[in-house]
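Numbering of the sequence shown is given in UniProt numbering, commencing with residue 1 and proceeding in unit increments.
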Amino acid sequence: MKLNFLSSASKCTITKIINRPYCGESTVTIFNTGLYNRVKYYRYLYGTKKLFSNLTNDKIIVKVPQMGDSITEGTLNRWSKKLGEQVQKDDVVGIIDTDKISVDILAPNTGKITQFLANPGDIVPVGASILEISLNDIEPVEKVSNPDNIKDESTNKEEIIDKKDDIFITKEEIEHKTETDSALGPTETVSQYSSDYLNNIDIDIKEHNRSETRQPMSRMRQRIAERLKGAQNMMAMLTTFTECDMSNLLDLKSKYSTEFTKIHGIKFGMMSTFVKACTVSLKKMPEVNTYIIEDPGERKGIILSTRNYVDISVAVATPNGLVVPVIRDCDKKEIWEIEKELAMMAEKARKGNITLEDMSGGSMTITNGGVFGSLFSTPIINPPQSCILGMHSISDKPVACTNPTSGEKEVVIKPIMYLALTYDHRLIDGREAVLFLKNIKQCIENPEVLLLGLP
Numbered sequence: 001m002k003l004n005f006l007s008s009a010s011k012c013t014i015t016k017i018i019n020r021p022y023c024g025e026s027t028v029t030i031f032n033t034g035l036y037n038r039v040k041y042y043r044y045l046y047g048t049k050k051l052f053s054n055l056t057n058d059k060i061i062v063k064v065p066q067m068g069d070s071i072t073e074g075t076l077n078r079w080s081k082k083l084g085e086q087v088q089k090d091d092v093v094g095i096i097d098t099d100k101i102s103v104d105i106l107a108p109n110t111g112k113i114t115q116f117l118a119n120p121g122d123i124v125p126v127g128a129s130i131l132e133i134s135l136n137d138i139e140p141v142e143k144v145s146n147p148d149n150i151k152d153e154s155t156n157k158e159e160i161i162d163k164k165d166d167i168f169i170t171k172e173e174i175e176h177k178t179e180t181d182s183a184l185g186p187t188e189t190v191s192q193y194s195s196d197y198l199n200n201i202d203i204d205i206k207e208h209n210r211s212e213t214r215q216p217m218s219r220m221r222q223r224i225a226e227r228l229k230g231a232q233n234m235m236a237m238l239t240t241f242t243e244c245d246m247s248n249l250l251d252l253k254s255k256y257s258t259e260f261t262k263i264h265g266i267k268f269g270m271m272s273t274f275v276k277a278c279t280v281s282l283k284k285m286p287e288v289n290t291y292i293i294e295d296p297g298e299r300k301g302i303i304l305s306t307r308n309y310v311d312i313s314v315a316v317a318t319p320n321g322l323v324v325p326v327i328r329d330c331d332k333k334e335i336w337e338i339e340k341e342l343a344m345m346a347e348k349a350r351k352g353n354i355t356l357e358d359m360s361g362g363s364m365t366i367t368n369g370g371v372f373g374s375l376f377s378t379p380i381i382n383p384p385q386s387c388i389l390g391m392h393s394i395s396d397k398p399v400a401c402t403n404p405t406s407g408e409k410e411v412v413i414k415p416i417m418y419l420a421l422t423y424d425h426r427l428i429d430g431r432e433a434v435l436f437l438k439n440i441k442q443c444i445e446n447p448e449v450l451l452l453g454l455p
């Protein structure tokens, strides 16, 4: 259908109006002739943004986006849309998995998917063409011969009642059944159900399902498996434990949590305190903040590199796997600054927007299995780091302690958390590992040390 009756200026004006939601005639005051009615007619006939779509034959080729400086390829996980399906701008049409993150493929414009240039499971390099979207195949709305006579066909409640199926129980049937049951004895009632009702039930016996469902392991899951197994094969990992009295930290949180949130705009959590406790301990024992690198020179020996800064990795569980974003320069940040950065990184991880740069480096890792109810664990080190701290659930335990007034021994119920430190015995001896964990415990049991910056 051609629009020869329109000038170029009219087409431009109409296009601007067609491309916005229809709000009625009162929103358009420039049309004082029958031209507006024609435009409205074409709007009903072809839908939004269809008026001049046949003037060009545009197509968009969607390519694999940049996913990080060090990422050159990924695995196409799945297509979120079907072939021939309409998509809007910024709709997620597919997902690409890399070693650590999943990247959404977004539609650059509104149109219809006309061709998939890659299949799920394919390895696609950055910049490769994977999808074709047509800008002209926008699906029109239903044709209407006379749009001014469109009526609202709503469902009549009375028609639904009149067309009820026999499978529905009506009020009259319930009343009749109640009267019948009252007149019959218990034996007669059972007999009636056995002969008149139970024999007519169609029992659908389903075959017991003993099948298996197989699916390819995601690229991220493969990478996690490789790194964890590689760490076990390469490192001499050993775990030491201690128990930590959480009374003072919980009291501090209960007392100042509301004011902390009001001042800093973030909730006061325990993870920031543990990050700060590990930071203080690493500054006190720099030998723990050391990792092994191979000498790239002619000697090709082993070099120990000690970091003069403190970056703490925090494990975050996501639907796609475990990621470990890094909080940088923890030795230069206050607890509230660490708390804000933790919340930001956790949100990025759960949305799948975290990058490899966010997860690179780190002096040590903290993982909290306590949020899932874990009591003990032996966490695996994240190479090339030399240790990892495992937090666990808090539970009330009987503890023998000395009464500060009488000096006598007594048993008191206290909230206890078990801490686990897995360390690389190639770098850290047992003595240093125990002292390091003891320093963390002292900071948690005496949080004023962290707040006042005491050694």
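Built from N, CA and C at the ideal position, the CB exists for glycine as well.
query	result
What ranges does the alpha helix (DSSP H) occupy inside the stretch 194-276, keeping only unbroken runs of at least 4 residues that lie completely in it?	219-234 and 247-264
Count the other C-beta atoms from every protein chain shown that fall within 10 angstroms of the C-beta of residue 306, then say buried if there are 16 or more, exposed otherwise.	exposed
List in chain order: all unbroken alpha helix (DSSP H) runs of 4+ residues lying wholly within the stretch 328-373.	335-351 and 356-359
Which value, in whole angstroms, describes the spacing of the CA atoms of residue 274 and residue 114?	53 Å
Applying the criterion that 16 or more other CB atoms from any shown protein chain within 10 Å of the CB defines a buried residue, is residue 425 buried or exposed?	exposed
Using a Cβ-Cβ cut-off of 6 Å (strictly less than) and excluding sequence neighbours within five positions of residue 390, which residues of its own chain qualify?	367, 377, 379 and 420
Out of 400, 449 and 86, state which residue places its alpha-carbon closest to the alpha-carbon of residue 112.	86
For a test of the three-state rule: what should DSSP assign to residue 433, helix, strand or coil?	helix
Could you check whether the stretch 275-291 touches the stretch 316-325, counting it as contact only if at least three pairs of C-beta atoms, one from each stretch, sit closer than 8 Å?	no
Suppose the cutoff is 7 Å on Cβ atoms and the five residues either side in sequence are ignored; what does the same chain contact list for residue 58 look like?	135 and 136
Mind checking whether residue 331 and residue 279 have CB atoms under 8 Å apart?	yes
Do residue 268 and residue 337 count as a contact pair if the criterion is CB distance below 8 Å?	no
Under three-state DSSP, which class holds residue 438?	helix
Going along the chain, which residues of its own chain have a beta-carbon closer than 8 Å to the beta-carbon of residue 121, five neighbours each way excluded?	75, 76 and 216
Rank 386, 381, 352 and 62 by C-alpha distance to the C-alpha of residue 456 and give the top, closest one.	Since the first and last residues shown for the chain are 1 and 455, residue 456 lies out of range.
Closer than 7 Å by C-beta to residue 445: which residues in its own chain qualify, once you throw out the five before and the five after it? Chain order, please.	244, 245 and 248
From residue 394 to residue 361, what distance separates their C-alpha atoms?	30 Å
Could you name the residues of the same chain whose beta carbon sits closer than 6 Å to that of residue 286, not counting the 5 residues immediately before and after it, in chain order?	306
Is residue 380 helix, strand or coil when you go by DSSP?	coil
What are the boundary residues of the beta strand (DSSP E) that includes residue 105?	102-106
Is it the case that the Cβ atoms of residue 97 and residue 107 are separated by a distance below 8 Å?	no
Have a look at residue 429 and residue 226 and give me their C-alpha separation to the nearest angstrom.	27 Å
Are the CB atoms of residue 129 and residue 352 nearer to each other than 8 Å?	no
For residue 118, collect the residues of the same chain with a Cβ closer than 6 Å to its Cβ; drop the 5 residues on either side in sequence, then sort them by chain order.	76, 124 and 130
Looking only at C-alpha atoms, which of 382, 64 and 71 sits nearest to residue 93?	64
What is the DSSP secondary structure of residue 399, counted as helix, strand or coil?	strand
Would you mind listing the beta strand (DSSP E) stretches within the stretch 79-135 that are 3+ residues and don't spill past its ends, in chain order?	92-97, 102-106, 111-116, 123-125 and 129-134
Just to confirm, are residue 343 and residue 266 a CB contact at a threshold of 8 Å?	yes
Run through the DSSP bridge pairs and tell me what residue 457 is partnered with.	Lying outside 1 to 455, the shown extent of the chain, residue 457 is not represented and no answer is given.
Residue 387 bridges to which residues according to DSSP?	423
According to the neighbour-count rule (16 or more other Cβ atoms, all chains shown, within 10 Å of its Cβ), is residue 387 buried or exposed?	buried
Identify which residue in 222, 105 and 234 has its Cα closest to the Cα of residue 66.	105
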